[in-house]
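S.K.:
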Amino acid sequence: MATGPGATRGSGRSTGAGHAARARVLFVGDFAASRRGNFSVSERLAELLGDEGFGVATTSSLLSSPLRALDMVRSAVAERGRVDVAVIDVYSGRAFMWAEWTASVLAAAKVPLVLVLRGGNLPRFAAAEPERVSRLFAKATVVVALSDFLREALAPYRADCVVVPNPLDAGAYPFRLRERLEPRLVWLRAFHEIYNPPLGPRALAELTSALPDATLTMIGSDKGDGSLARTLAAAADLGVASRLKTPGPVDKAAVPAALDAADVFLNTTNVDNVPISVLEAMACGLCVVSTDVGGIPYLATDGHDALLVPPDDPVAMAQAVTRLFREPGLAARLSANARERALANDWSAVLPRWTALLDDVAHARPLRGRARGGRAS
1 MATGPGATRG SGRSTGAGHA ARARVLFVGD FAASRRGNFS VSERLAELLG
51 DEGFGVATTS SLLSSPLRAL DMVRSAVAER GRVDVAVIDV YSGRAFMWAE
101 WTASVLAAAK VPLVLVLRGG NLPRFAAAEP ERVSRLFAKA TVVVALSDFL
151 REALAPYRAD CVVVPNPLDA GAYPFRLRER LEPRLVWLRA FHEIYNPPLG
201 PRALAELTSA LPDATLTMIG SDKGDGSLAR TLAAAADLGV ASRLKTPGPV
251 DKAAVPAALD AADVFLNTTN VDNVPISVLE AMACGLCVVS TDVGGIPYLA
301 TDGHDALLVP PDDPVAMAQA VTRLFREPGL AARLSANARE RALANDWSAV
351 LPRWTALLDD VAHARPLRGR ARGGRAS
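Here my numbering is used: the first residue of the sequence shown is 1, the next is one more, and so on.
1) From which residue to which residue does the alpha helix (DSSP H) around A356 run?
2) Please identify the residue among A203, R24 and F31 whose C-alpha is closest to the C-alpha of A320.
3) For A332, collect the residues of the same chain with a Cβ closer than 8 Å to its Cβ; drop the 5 residues on either side in sequence, then sort them by chain order.
4) At what residue ranges does the region 211 to 293 contain a whole run of the alpha helix (DSSP H), taking only runs of 4 or more?
5) Tell me the rounded alpha-carbon separation between L185 and R326.
6) Could you check what DSSP says for V73 in three-state terms: helix, strand or coil?
7) Use the C-beta contact count for P123: other C-beta atoms within 10 angstroms, 16 or more gives buried, fewer gives exposed.
8) Kindly indicate which residue of V25, L62 and R68 has the alpha-carbon position closest to the one of E47.
9) Count Cβ pairs between the region 303 to 320 and the region 332 to 348 that sit closer than 8 Å; are there 3 or more?
10) Tell me I296's beta-bridge partners as DSSP assigns them.
11) At a cut-off of 7 Å, is V143 close to the ligand HEM when judged by its beta-carbon and the heavy atoms of the ligand?
12) What are the partner residues of G55, as DSSP defines its beta bridges?
13) For P165 versus L150, is the C-beta distance shorter than 8 Å?
14) Can the beta-carbon of V90 be found less than 8 Å from the beta-carbon of V111?
15) Taking the alpha-carbon positions, what's the G373 to T208 distance?
16) Please determine if the region 230 to 244 and the region 191 to 202 are in contact, where contact requires at least 3 C-beta pairs separated by less than 8 Å.
17) Does L168 come out as helix, strand or coil in the three-state DSSP assignment?
18) Where P418 and V240 are concerned, what is the direct C-alpha to C-alpha distance, given to the nearest angstrom?
19) Residues bridged to I88 by DSSP?
20) What does the Cβ neighbour count give for E131, buried or exposed, with the cut at 16 atoms within 10 Å?
21) Near Y157, what residues of its chain come up, given a Cβ to Cβ distance below 8 Å and the 5 sequence neighbours on each side ignored?
22) Does the beta-carbon of V159 have 16 or more other beta-carbons within 10 angstroms, so that it is buried, or is it exposed?
23) Using the Cβ count rule (16 or more neighbours within 10 Å means buried), how would you classify P401?
24) Applying the criterion that 16 or more other CB atoms from any shown protein chain within 10 Å of the CB defines a buried residue, is L63 buried or exposed?
25) Just to confirm the assignment, what range does the beta strand (DSSP E) spanning A145 have?
26) Do the CB positions of V114 and V144 come within less than 8 Å of each other?
27) When burial is assigned at 16 or more other CB atoms within 10 Å of the CB, is R365 buried or exposed?
28) Among D222, D225, G171 and A234, whose alpha-carbon lies nearest the alpha-carbon of L199?
29) Contact check, R189 vs T301 under 8 Å by CB: the rounded distance?
30) For L244 and Y173, what's the separation of their Cα atoms in angstroms?
31) Could one say the Cβ of R68 lies closer than 8 Å to chain B's Cβ atoms, at least one of them?
32) So, do the region 67 to 79 and the region 92 to 109 have three or more beta carbon pairs nearer to each other than 8 Å?
33) Taking the DSSP output, what are the residues bridged to V163?
34) Since V186 sits in a beta bridge, which residues does DSSP pair it with?
35) Does G285 pass the burial test, meaning 16 or more other C-beta atoms within 10 Å, or should it be called exposed?
36) Going by C-alpha to C-alpha distance, which of P311, A128, E182 and V41 sits closest to T449?
So this is what it looks like as structure tokens:
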């Protein structure tokens, strides 16, 4: 069922106090994230747009994936005659289907569609399913990419994608300049094979001679594909189990403190777009050491605000961490520049782009400030 922040359940409407009524927007995506302790970007966007005077309906907050997909379709049917714009999150894999289903319902009712491309695996999915992707994209008034990486990779399916970067509340993340580091490493992601969590303990083992006191805390939920077990097994096999902590997931509100307790952030992923976890670490001033896959090089510049290494290379990752402790001034420079990079993605910079885009789509105006080339910032 569609719901709106501050609205009666089922009405799907929310109008911010002190604002004239603006477009009525239906958001279609995974709005169960907050119920799992992880307030999503989509949830925050819907909330902020309500404060800006938009009428907001969201779907779906059901925890069961099949029921959530059905609820999205039901909400699309119910809301199609009441909304001016629909914003649909697009993921790869099975989740792509609920974007297809809801887009078909809403497009048939002539509701303007804004598709938001999420997930670093979308280019691979599009290559495998080009007709489905092209058919979905053709229904949209606007396709929004969260990074230039996705815009470029998916240009064959839609050449005029608009880049609106992934935002965060930078002010919620306390900044600490990392001048004198302690070998406290942190990792923040779900335990899933695409994020390659076993690379964490493998890199930790490679650090044993250079930084024998190094510890790694890996924070995240278990997605149930065996990645957590493989990570723990790797730590045991390599003799670093005593220096690895896996406390499980933390609530969104606890993320800043969890990050602030460390000085180095590891991002081990094999597939990525522009991960919020990396932006969060940058906002806190951690020294980021990440694989250079997907959208990461569009987010961070090697040697400027992060150190980037090849995927699945524990030696290279350990060497990059060691550089932070041995090269004078490197850690402080990366830390300061990382904070500046995160501030460019603050909601204060990103929200006006969303309000302008939705106003334009709702009133059938040419898009203002359409982003085409260069890094999203």
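From the three backbone atoms N, C-alpha and C, an ideal C-beta is built for every residue, glycine too.
Here the structure is a predicted model, which means the values were calculated and not measured.
M.R.: Once the coordinates are examined:
1) W347 to A362
2) A203
3) L177, R178 and E179
4) 227 to 237, 255 to 260 and 276 to 284
5) The straight-line gap from Cα to Cα measures roughly 16 Å.
6) V73: helix per DSSP, three-state reduction.
7) So P123 counts as buried.
8) V25
9) In short, these stretches touch, since the Cβ pair count reaches three.
10) I296 is not bridged to any residue.
11) The ligand HEM is absent from the structure shown, which contains no ligand whatsoever.
12) R24
13) Contact: no.
14) no
15) Interpretation of G373 is limited by its pLDDT of 36, a score under 50 that renders its predicted location unreliable; no figure is taken from the coordinates.
16) yes
17) strand
18) Here the chain has residues from 1 to 377 only, and residue 418 is not among them.
19) V28 and L115
20) exposed
21) Only A126, P130, V133, S134 and F137 meet the Cβ criterion.
22) Checking the sequence shown, residue 159 turns out to be Ala, not Val. A159 comes out exposed.
23) With the chain covering 1 to 377 only, the question about residue 401 has no answer from this structure.
24) exposed
25) Looking at the DSSP string, the run of the beta strand (DSSP E) that includes A145 is V142 to A145.
26) yes
27) exposed
28) A234
29) With a Cβ gap of about 21 Å, R189 and T301 do not count as contacting.
30) If I take the Cα positions, the gap works out to 24 Å.
31) Of the chains in the structure shown, none is chain B; there is only one protein chain.
32) yes
33) A145
34) In the DSSP secondary-structure assignment, V186 is bridged to T217 and F265.
35) buried
36) Given that the chain is displayed from residue 1 to residue 377, the structure contains no residue 449 and the question cannot be resolved.
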